[in-house]
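Structure, as C-alpha cells:
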C-alpha cells in the first residue's frame, strides 16, 4: 500500500482540490432520542446578580459543550457569566485558572491527577469517586475547589472495526494476546510513550504490536476506515460510537490500564466564597444527567451535525428541565 | 526572567545530549540516540519531498520559461502554493490516501513545487535574449538551448527557489508525526511525553537542521553558478 503510483496521483488531485478551495463537506444525521427525567428547574436568585464568573474550557468539542452547560446553568441561577472557551490544552487552561483569568473549568480526573498533580498513572485509582476523594488535599493546597465527578467518564479506549473484531474473535484487550504482533495500532504521537496508552498496553498487558502509527487525534476513525490501522485509540465519549455503534467495537479494558476520566468542575476558592451556595448547587445539579450516552449524543450533534455547542448545551438544559 | 530563559535553554540542550525519564514516566526519552533517529527520518521524508518537487517543477518551469508562455500559471501556482494550509492537506491525505513516509512526502512536495516552479520560470525567462539568439545562430536545437544555455544561466535563480522549497519542507515536516512519520516534530507535538524542555529542544533541532541545509544549498548554488555570471556579479557589486 505504501508505494503505489495511483496513490500519488490521488494525493495530487486532493492537493489541487484544496488549492481550488473545494471543501465538499456534507453529512446529515438525524438527531437521537433522549429521555426527560428529573426536572430540577434552576431558580434565578437576585442575590447572585452582579457576581461575575468566567467559565473556561479546553479546545475540543466535548469541552465546549461542557463549558456551555456550566456557563448557561450558572447564568440561569442569576450569575453574571462570561465565557472563555477554547483555551488550549490543560496546561494553558490550568494556568488561566491559577492566574484568575478564568474562575472555573471542567477537567478530567485522570488528566488533573497525572498532568497537573504529577501522580504516576499506575497510581491513579480507576474509580473516579475515589480519585476525587483522594485528591482533595491537592486542590486545597492550590486554592481550588473541585466538585464531584460527572456520571460519564471519558477514557482512552482501544477500538477497531466490528468486522475486524469478529474476524479476530476479540472483545477484551487481553484477547489480543497472540494476535497483536500482526496488528497495527494507531494513536496520537504522545500515546507511544504514555503509560495510559501504548506503553501501558505493552507493559501491563504484555502486548506487542506489529507497528504503532502516530496520527492526529482527529483522524482516529479515518485510520480504521481506510485500513491504515487495525486498532485505534478512541475515546469512550466519541460521537462515532453513538451514531455508528455497529461499525466500531471498543475492547474492554479488563486490566484497567486506561484510567477513567470523569469530569470535575474545578473552581477558584475565592470565586466559590464570593459566589455563595448557589454556585456549587447549580454545578452539581446541572451535570447530574450527563451520562455516557447523553454525552456521546451531545458530542455527536456538535462534531457530526455541526450544531453550535451553545445550542446543544441549551437543548440539554431544556430537555432535562433545568431551564424553560 | 532572562535567567529563566537561559535555564530552559540549557535544559533543552541537556535533553538533546542525554536520556531522561519521560514526563509521564515509564520510559526513557531524549538523548542523541532518539534525536539521531528522528532527524534521519526528518531528512528522509524532506529529501523525498524535495526530489518529487524538483522532478515535477523543474521540467515544467523550464518548458514554460523557454517558450515564454504560461506566466500566469507559473506565478499563480506559486502564490496559491503559499496559501495552502499544510496541516489541512496532511489531514486530507491521511483520510483519503493513508499514512506513511511516501504519502507525507507527496503532501510536503506540494509545498516545494511553487517556489521551484516560479523561480525556474522567472530565471529561464530572464536569460539574456542575445545569448539565446547567439545559441540559435550557432545551430543549437531548442532543446539544447533550454538545457545548455538557459538552464545554467538560470541556475542561481532556480537554486534560490530550491532553497526556499527546502526550508518550507523541512519546517513543515515537523507535523509529520500526525500522519504516521516520526520526525523531529514529535518532540514538539508530544509535550506531555517530552516536557517543555523537549519541545524547546525540538524547535532548536529543526531550526539547526533548516540552517544547515540552507547553508549547504547556498554552497551548491555558488558551485552551480556559471563562472561568467559569477564574474559579472562581482563586477556589478564592486
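Protein chains in written order, with this note's numbering: chain A, 1 to 324; chain B, 325 to 562. Where is the CB? At the ideal position from N, CA and C, for every residue including glycine.
Query: What would DSSP say about residue 358(B), mapped onto helix, strand or coil?; Result: helix
Query: Got a sec: which bits of the stretch 506-526 of chain B sit with their beta carbon under 7 Å from any beta carbon on chain A, in order along the chain?; Result: 506, 510, 513, 514, 516 and 517
Query: Assign residue 481(B) to one of two classes, buried (16 or more other C-beta atoms within 10 Å of its C-beta) or exposed (fewer than that).; Result: buried
Query: Check whether the stretch 480-500 of chain B and the stretch 433-447 of chain B are in contact - that is, three or more C-beta pairs closer than 8 Å.; Result: yes
Query: Roughly how many whole angstroms lie between the Cα atoms of residue 268(A) and residue 89(A)?; Result: 19 Å
Query: Could you confirm whether any beta carbon from chain B is found closer than 9 Å to the beta carbon of residue 60(A)?; Result: no
Query: Looking at residue 401(B): is its Cβ nearer than 9 Å to the Cβ of residue 417(B)?; Result: no
Query: Per DSSP, what are the beta-bridge partners of residue 259(A) in this structure?; Result: Paired residue(s): none; residue 259(A) is not in a bridge.
Query: Quick check on residue 26(A) - is its C-beta less than 9 Å from some C-beta in chain B?; Result: Bear in mind that the predicted position of residue 26(A) carries a pLDDT of just 36, short of 50, making it unreliable; the figure below should be weighed with that in mind. Not an interface residue.
Query: Just the chain B side, please: which residues come within less than 9 Å of residue 189(A) by C-beta, in chain order?; Result: 501, 502, 506, 509, 510, 513, 514 and 517
Query: I'd like to know whether the C-beta atoms of residue 225(A) and residue 213(A) end up nearer to each other than 9 Å.; Result: no
Query: May I ask which residues mark the beginning and end of the beta strand (DSSP E) holding residue 231(A)?; Result: 231-235
Query: Residue 547(B) to residue 556(B), Cα distance in whole Å?; Result: 15 Å
Query: Of all the alpha helix (DSSP H) runs that stay within the bounds of the stretch 423-494 of chain B, which reach a length of 4 or more residues?; Result: 425-449 and 453-461
Query: Please report the straight-line C-alpha distance between residue 424(B) and residue 317(A), rounded to a whole angstrom.; Result: 44 Å
Query: Tell whether a beta-carbon distance below 9 Å holds between residue 384(A) and residue 167(A).; Result: With chain A covering only 1 through 324, there is no way to say anything about residue 384(A).
Query: From what residue to what residue does the beta strand (DSSP E) around residue 248(A) run?; Result: 248-250
Query: Report, in whole angstroms, the separation of the C-beta atoms of residue 326(A) and residue 71(A), which I expect to be a contact under 8 Å.; Result: With chain A covering 1 to 324 only, the question about residue 326(A) has no answer from this structure.
Query: Would you identify the three-state DSSP class for residue 84(A), choosing helix, strand or coil?; Result: strand
Query: Note down, in chain order, all residues in the stretch 328-353 of chain B with a beta-carbon under 7 Å from any beta-carbon belonging to chain A.; Result: 346, 348, 349, 350, 351 and 353
Query: Can you check which of these residues, 186(A), 141(A) and 80(A), is closest to residue 46(A) by C-alpha distance?; Result: 80(A)
Query: Touching or not, the stretch 534-542 of chain B and the stretch 382-396 of chain B, by the rule of three or more beta carbon pairs under 8 Å?; Result: no
Query: Between residue 246(A) and the rest of its own chain, which residues show a CB-CB distance below 7 Å, the 5 nearest in sequence each way excluded?; Result: 162
Query: Just to make sure I have the definition right: I need the residues of chain B whose C-beta is within less than 8 Å of the C-beta of residue 218(A). Which are they?; Result: 415
Query: Excluding the 5 residues flanking residue 365(B) on each side, which residues of the same chain have their C-beta closer than 7 Å to its C-beta?; Result: 505, 506 and 507
Query: Tell me the residue span of the beta strand (DSSP E) that contains residue 64(A).; Result: No beta strand (DSSP E) contains residue 64(A), which is instead part of the alpha helix (DSSP H) from 61-76.
Query: Just checking: is the beta-carbon of residue 473(B) within a distance shorter than 9 Å of some beta-carbon in chain A?; Result: no
Query: Following the continuous alpha helix (DSSP H) through residue 303(A), name the residue where it begins and the one where it ends.; Result: 292-303
Query: Starting from the beta carbon of residue 213(A), find every residue of chain B whose beta carbon is closer than 7 Å, and list them in chain order.; Result: 423 and 504
Query: Examine chain A for any beta-carbon lying closer than 9 Å to the beta-carbon of residue 373(B), and answer yes or no.; Result: no
Query: Looking at the structure shown, is residue 56(A) part of a helix, part of a strand, or coil, going by DSSP?; Result: strand
Query: Give the residues of chain B in contact with residue 125(A), contact being defined as C-beta atoms less than 7 Å apart.; Result: Near residue 125(A) there are no residues of chain B at all, since even the closest Cβ is about 17 Å away, more than 7 Å.
Query: In angstroms, rounded to a whole number, what distance separates the CA positions of residue 549(B) and residue 378(B)?; Result: 18 Å
Query: List the endpoints of the continuous alpha helix (DSSP H) containing residue 270(A).; Result: 269-275
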